[in-house]
Amino acid sequence: MCVPVCDSSGNIRLCRCFFYPLSKANHFTTLTLLNKRQTFYGSVFARAGPLGCQGQKGQKGPLGPRGCSTAGLADSFLLARHSQTIRVPDCPQGTTLIYSGYSLLFINGNKRAHGQDLGSMGSCLPRFSTMPFLFCDTDNTCRYAARNDYSYWLSTEKPMPRSMDLIRGDEISSYISRCSVCEGSSNAMAIHSQTAQLPDCPGDWESLWTGYSFVMVTT
């Protein structure tokens with residue numbers, strides 16, 4: 002077996018050849034050193050030779066077999082459901098609960114207003130706060146509750162106290178509607194009849210729940 006020996010630059014400097022007999026015997030061993038060929042005569046014993054240089058990268062192998070196919074994931078849609086009570090509403094049949102929270106309706110600050118679609122997840126905040134937003138200037142300075150700002154929340158059926166005193170602390174939670182954000186496999190829409198009769202769902206649509214039409218009005 003002949004093994005090339007390389008220098009630090011990767012060039013082959015010499016080639017060593019070894020013969021591995023089954024027993025001790027006399028053999029000719031040829032050593033090529035820097036293009037100079039010399040022949041030696043002596044005894045050679047079987048032993049492992051040195052490791053060779055790193056070979057070149059092999060060719061790209063054949064393309065493997067095609068993997069097993071699986072069913073793709075269906076699209077998902079999120080919707081919010083509000084109970085108008087302190088009870089967390091259940092998700093409609095065929096949907097999965099993502100999280101529950103409090104029903105945010107409208108925010109107003111610095112003569113600017115923004116309403117929340119009660120059917121979207123933005124109307125259901127995991128945490129209740131009387132001021133669920135900050136005002137930030139162009140100089141990267143944010144101020145909390147620094148102006149005459151308001152937040153409107155969907156309420157429960159609990160009446161206000163006769164004295165109309167301010168409600169503070171944990172008592173506020175009994176006046177704020179609870180909500181749930183649910184995930185379904187298809188989109189949802191609301192149909193309003195503008196009458197006292199319940200409207201029918203369009204063809205190939207199923208009813209999730211029935212209720213009353215709500216429109217936001219501020220004075």
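Mapping of the sequence shown onto the numbering used here: position 19 corresponds to residue 20, and the numbering continues sequentially without gaps.
Positions of the beta carbon are idealized from the N, C-alpha and C atoms, including for glycine.
### Message
Could you compute how far the alpha carbon of residue 173 sits from the alpha carbon of residue 103?
### Response
As a working mapping, residue 173 is identified with position 172 in the sequence shown. As a working mapping, residue 103 is identified with position 102 in the sequence shown. Computed Cα separation, rounded: 12 Å.
#### Entry: Delimiting residues of the beta strand (DSSP E) encompassing residue 128
If you number the sequence shown from 1, residue 128 lands on position 127. If you look at residue 128, you'll find it isn't in any beta strand (DSSP E); DSSP assigns it neither H nor E.
#### Entry: Within the region 53 to 136, ranges of the beta strand (DSSP E) (whole runs, at least 3 residues)
For the beta strand (DSSP E) assignment, the uninterrupted runs of no fewer than 3 residues enclosed by the region 53 to 136 are, from N- to C-terminal side, 78 to 83, 97 to 110, 113 to 116.
### Query
Which of the three DSSP states, helix, strand or coil, is assigned to residue 173?
For the purposes of this step, residue 173 is taken as residue 172 along the sequence shown, with counting starting at 1. DSSP places residue 173 in helix when its eight states are reduced to three.
### Task
Using beta-carbon positions only, say whether residue 145 and residue 157 come within less than 7 Å of one another.
By one-based count along the sequence shown, residue 145 stands at place 144. By one-based count along the sequence shown, residue 157 stands at place 156. Contact flag unset, no.
### Message
Rounding to the nearest angstrom, what Cα-Cα distance links residue 122 and residue 182 in this structure?
### Response
On the sequence shown, residue 122 is found 121 positions in, with the first residue counted as 1. On the sequence shown, residue 182 is found 181 positions in, with the first residue counted as 1. Rounded to whole angstroms, residue 122 and residue 182 show a C-alpha spacing of 6 Å.
### Query
What are the partner residues of residue 184, as DSSP defines its beta bridges?
Residue 184 sits at position 183 when you count from the first residue of the sequence shown. Partner(s): 79, 97.
### Task
Grab me the residues of residue 179's own chain with a C-beta within less than 8 Å of its C-beta, minus the 5 sequence neighbours each way, in chain order.
Against the sequence shown, residue 179 aligns to sequence position 178. Residues 83, 84, 86, 87, 88, 89, 90, 101, 102, 103, 104 of the same chain have their beta carbon placed closer than 8 Å to that of residue 179, with the five preceding and five following residues left out of the count.
### Three-pair Cβ contact test at 8 Å for the region 182 to 194 versus the region 202 to 215
Touching, yes.
### Query
In angstroms, rounded to a whole number, what distance separates the CA positions of residue 186 and residue 57?
One-based indexing of the sequence shown puts residue 186 at position 185. One-based indexing of the sequence shown puts residue 57 at position 56. Roughly 54 Å between the two C-alpha positions.
### Task
Grab me the residues of residue 137's own chain with a C-beta within less than 7 Å of its C-beta, minus the 5 sequence neighbours each way, in chain order.
The residue you call residue 137 lines up with position 136 of the sequence shown. Only 143 meet the Cβ criterion.
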